[in-house]
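Note sheet for the following structure.
Protein chains: 2
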Amino acid sequence: MATISDVAEKSGLSKATVSRVINNHPYISKEKRELVYKAMEELGYQPNPSARRLRGQLTNTIGVIVPRIVNPFFSYLVDALEQEAYDHNYQVLMFQSDEKKDKELYFLNLLKTRQVDGIIMTSIESDREVIESYTKFGPILLCNEYISQSEMPVVRVDQTKAAYMGTKHLLDQGYRNIAYCTGGLFVDDGKDKDRNVGFQKALNEYEIEINPGWVFINKHTIEDGKLVMQQISDMDYRPDAIFTGSDEIAAGIVLEAKSLGFKIPEDLAVIGFDDQPIAEMIDPALSTIRQPVKEMGVQSVDMLLSLLKNEPLAERQKELSVELVIRSST
Amino acid sequence: MATISDVAEKSGLSKATVSRVINNHPYISKEKRELVYKAMEELGYQPNPSARRLRGQLTNTIGVIVPRIVNPFFSYLVDALEQEAYDHNYQVLMFQSDEKKDKELYFLNLLKTRQVDGIIMTSIESDREVIESYTKFGPILLCNEYISQSEMPVVRVDQTKAAYMGTKHLLDQGYRNIAYCTGGLFVDDGKDKDRNVGFQKALNEYEIEINPGWVFINKHTIEDGKLVMQQISDMDYRPDAIFTGSDEIAAGIVLEAKSLGFKIPEDLAVIGFDDQPIAEMIDPALSTIRQPVKEMGVQSVDMLLSLLKNEPLAERQKELSVELVIRSST
DNA sequence: GATGATTGTGAAACTGATTTCATAATTAAT
DNA sequence: ATTAATTATGAAATCAGTTTCACAATCATC
Numbered sequence: 015m016a017t018i019s020d021v022a023e024k025s026g027l028s029k030a031t032v033s034r035v036i037n038n039h040p041y042i043s044k045e046k047r048e049l050v051y052k053a054m055e056e057l058g059y060q061p062n063p064s065a066r067r068l069r070g071q072l073t074n075t076i077g078v079i080v081p082r083i084v085n086p087f088f089s090y091l092v093d094a095l096e097q098e099a100y101d102h103n104y105q106v107l108m109f110q111s112d113e114k115k116d117k118e119l120y121f122l123n124l125l126k127t128r129q130v131d132g133i134i135m136t137s138i139e140s141d142r143e144v145i146e147s148y149t150k151f152g153p154i155l156l157c158n159e160y161i162s163q164s165e166m167p168v169v170r171v172d173q174t175k176a177a178y179m180g181t182k183h184l185l186d187q188g189y190r191n192i193a194y195c196t197g198g199l200f201v202d203d204g205k206d207k208d209r210n211v212g213f214q215k216a217l218n219e220y221e222i223e224i225n226p227g228w229v230f231i232n233k234h235t236i237e238d239g240k241l242v243m244q245q246i247s248d249m250d251y252r253p254d255a256i257f258t259g260s261d262e263i264a265a266g267i268v269l270e271a272k273s274l275g276f277k278i279p280e281d282l283a284v285i286g287f288d289d290q291p292i293a294e295m296i297d298p299a300l301s302t303i304r305q306p307v308k309e310m311g312v313q314s315v316d317m318l319l320s321l322l323k324n325e326p327l328a329e330r331q332k333e334l335s336v337e338l339v340i341r342s343s344t
Numbered sequence: 015m016a017t018i019s020d021v022a023e024k025s026g027l028s029k030a031t032v033s034r035v036i037n038n039h040p041y042i043s044k045e046k047r048e049l050v051y052k053a054m055e056e057l058g059y060q061p062n063p064s065a066r067r068l069r070g071q072l073t074n075t076i077g078v079i080v081p082r083i084v085n086p087f088f089s090y091l092v093d094a095l096e097q098e099a100y101d102h103n104y105q106v107l108m109f110q111s112d113e114k115k116d117k118e119l120y121f122l123n124l125l126k127t128r129q130v131d132g133i134i135m136t137s138i139e140s141d142r143e144v145i146e147s148y149t150k151f152g153p154i155l156l157c158n159e160y161i162s163q164s165e166m167p168v169v170r171v172d173q174t175k176a177a178y179m180g181t182k183h184l185l186d187q188g189y190r191n192i193a194y195c196t197g198g199l200f201v202d203d204g205k206d207k208d209r210n211v212g213f214q215k216a217l218n219e220y221e222i223e224i225n226p227g228w229v230f231i232n233k234h235t236i237e238d239g240k241l242v243m244q245q246i247s248d249m250d251y252r253p254d255a256i257f258t259g260s261d262e263i264a265a266g267i268v269l270e271a272k273s274l275g276f277k278i279p280e281d282l283a284v285i286g287f288d289d290q291p292i293a294e295m296i297d298p299a300l301s302t303i304r305q306p307v308k309e310m311g312v313q314s315v316d317m318l319l320s321l322l323k324n325e326p327l328a329e330r331q332k333e334l335s336v337e338l339v340i341r342s343s344t
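Protein chains in written order, with our numbering: chain A, 15 to 344; chain B, 15 to 344.
What follows is the structure, encoded as structure tokens:
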């Protein structure tokens, strides 16, 4: 590969001048500029990012942490992030935390050594203080997941409202015995906590108490959903509707319900979350709460890039709105 | 961040010695070694990858090109690749080619500037010569997709056999009017070509001719599958079975067939490819050809790492075997 | 005891860029 | 016409590592 010295030699100029041309510095005569461009062209020159990085420049690489890429919600999110990054000439270093603290920390460390310019976290495992302590090495943006009370920049949806909308919809449809199934722990911080609030708020309006036996926590996969349905099936007193934390769980519930002989939504109404492709694929199609995944990705990258350029932000905590999608499962 | 000079100073030794300790060079006394470790520990020192990279060392980063991460086959593949990479202390720079040549080339260029040590390509857009020309900058491994007649290292499945198995299964079940639906072009190179061969081979054994009107090319998504089914529905003379290039297309066909009032497999038998989660989710569940995705990811990373270390390879072209999974759609 | 090989260490060069500092050549202002 | 400001360029320092080269010190061999 040609180096900046080669370009300097070929153009009969110094490395300094070449560097200035590359970086669009002022005070360079038009002729020399042309000379440099010509030499770069002929040599097929490309600046070495490692050398730039070393000199303290940015690397055009952002890190993205996801819990697991096989989860469609996250693969769609990463898709949006990668595309928006590419459009701004950035590359994406993708990393799966697998919901483990040590993996997450390993990746955050890349910020220290300037392997990435900034990081977008779509999930959070470590404690708030730990994550905030890394912000001194570079910008960290929370996307989708977030930490209550934190000042960190974040792009998220209004989960309280989302959960409220979903639950309200079930209540409006006449369901009164509503179960609740969440990905986190019921007392969790951030996203899940906000959802809980929305869920409870809707119930309060109808003066309904939560039935603790109908609360399922830490559920994520289709398989989890099937297990939930089995538990419900075994109950003496069953709910007539269930609010779930993702379309995958909802799908698992629907699938298992069918094979157990329950009718959806007559015996059990099910509402999903996310609006993934799967929601339309199963029968009956899932009512769900659509998350603006594409927009979340775009906004996240844009905000991170602004942070990198030290541009003033209109708002450090951006909230996107969700949409209730009514299909046949409720 | 502490630098190697800080460690040198703290330990009272030279940078050279510290570097030797870090890189496990021979001929260093035990005492000095201890001194260095102690200093590194106290300073929380971590070597700067950019500086190492610049000096011509490896970066512990591999690039992965996928056409589109939202395609479950590829998100499962990336999942496997990322995990195996992590286990060997490597990071993954993920990139979507979006099936576009220019994007692919953009990414291959990272090899030139040593941004990545090597690249795993799970899809191929450019011509063979172009891709091979990049191998002089670092190892490129083909995974899943491959180029006929090329010497490039590859991890793949025997697509000819896979397609043969699938088609044979349809024939054995008594179907004789078999349509064919592929992701590539029917005359394509590599993977798709091999599948065509297997498909034709099975037909030949039963002395059946291909019906050109029943060949669908360049189909990828669920949506594509639905469109294919609509076309079939409009035909005067319809096939009684269809071999597809992916479970997604197969799912689209099944979904649309149901809403058009066709019975699967009575009116039309459908066999998928990949064995993605979706195959078990739809009703009727898809018969399909299972690809060993996890193993492909593991083997690919292992082989690339061997190439990076210049280790001799048992085989540069590794072939994994597939498995016929019979469910209800055939 | 001289010679050669092995072991152990540091100074300095090197990787490929950017930036500081110095300086020359114009242009503008007094 | 002299001084000051602006424009334009290059030499050398710098970033944080690794590697080469030189040189001791220790050990083994004849």
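We treat Cβ as the ideally placed atom computed from N, Cα and C, and that holds for glycine.
Remember, it's a predicted structure, so these values are computed and weren't measured experimentally.
Alpha-carbon to alpha-carbon, residue j and residue i
| i | j | result |
| --- | --- | --- |
| residue 104(B) | residue 240(A) | 36 Å |
| residue 270(A) | residue 161(A) | 34 Å |
| residue 35(B) | residue 20(B) | 15 Å |
| residue 384(B) | residue 333(B) | Given that chain B is displayed from residue 15 to residue 344, the structure contains no residue 384(B) and the question cannot be resolved. |
| residue 52(B) | residue 141(A) | 29 Å |
| residue 330(B) | residue 166(B) | 8 Å |
| residue 93(A) | residue 89(B) | 10 Å |
| residue 250(A) | residue 227(A) | 11 Å |
| residue 326(B) | residue 322(A) | 44 Å |
| residue 277(A) | residue 86(A) | 27 Å |
| residue 143(A) | residue 120(A) | 16 Å |
| residue 129(A) | residue 129(B) | 10 Å |
| residue 183(B) | residue 291(B) | 21 Å |
| residue 177(B) | residue 238(B) | 20 Å |
| residue 118(A) | residue 108(A) | 12 Å |
| residue 22(A) | residue 95(B) | 41 Å |
CA nearest to the CA of residue i, picked from the options
| i | options | result |
| --- | --- | --- |
| residue 101(B) | 324(B), 325(B), 315(B) and 335(B) | 315(B) |
| residue 204(B) | 268(B), 64(B), 172(B) and 26(B) | 172(B) |
| residue 199(A) | 230(A), 221(A), 181(A) and 69(A) | 230(A) |
| residue 209(A) | 98(A), 155(A), 181(A) and 220(A) | 181(A) |
| residue 169(A) | 78(A), 309(A) and 55(A) | 309(A) |
| residue 305(A) | 18(A), 118(A), 22(A) and 175(A) | 175(A) |
| residue 287(A) | 57(A), 235(A) and 141(A) | 235(A) |
| residue 224(B) | 194(B), 233(B), 243(B) and 250(B) | 194(B) |
| residue 179(A) | 86(A), 60(A), 116(A) and 285(A) | 285(A) |
| residue 16(B) | 120(A), 151(A) and 119(A) | 151(A) |
| residue 110(A) | 131(A), 265(A), 138(A) and 185(A) | 138(A) |
| residue 135(B) | 91(B), 24(B) and 281(B) | 91(B) |
| residue 317(B) | 47(B), 154(B) and 84(B) | 154(B) |
Bridge partner(s) assigned by DSSP for residue i
| i | result |
| --- | --- |
| residue 100(A) | According to DSSP, which records beta bridges pairwise, residue 100(A) is partnered with nothing at all. |
| residue 135(B) | 79(B) and 156(B) |
| residue 301(B) | 285(B) |
| residue 109(A) | 79(A) |
| residue 114(B) | Per DSSP, none; premise fails for residue 114(B). |
| residue 276(B) | Residue 276(B) is not bridged to any residue. |
| residue 29(A) | Answer is none; residue 29(A) lacks a bridge partner. |
Burial state of residue i (16 or more Cβ within 10 Å)
| i | result |
| --- | --- |
| residue 40(B) | exposed |
| residue 218(B) | exposed |
| residue 273(B) | exposed |
| residue 69(A) | exposed |
| residue 44(B) | exposed |
| residue 30(B) | exposed |
| residue 289(A) | buried |
| residue 113(A) | exposed |
| residue 38(A) | exposed |
| residue 248(B) | exposed |
| residue 244(B) | exposed |
| residue 25(A) | buried |
### Query
Are the segment 185-192 of chain B and the segment 242-257 of chain B touching, with three or more C-beta to C-beta distances below 8 Å?
yes
#### Entry: Contact the segment 261-276 of chain A vs the segment 295-311 of chain A: 3+ CB pairs below 8 Å
yes
### Query
Given 8 Å as the limit, is there contact between the segment 113-125 of chain A and the segment 325-339 of chain A, that is, 3 or more CB pairs closer than that?
no
### Query
Are the segment 61-76 of chain B and the segment 55-65 of chain A touching, with three or more C-beta to C-beta distances below 8 Å?
yes
### Query
So, do the segment 72-89 of chain A and the segment 104-115 of chain A have three or more beta carbon pairs nearer to each other than 8 Å?
Segments in contact, yes.
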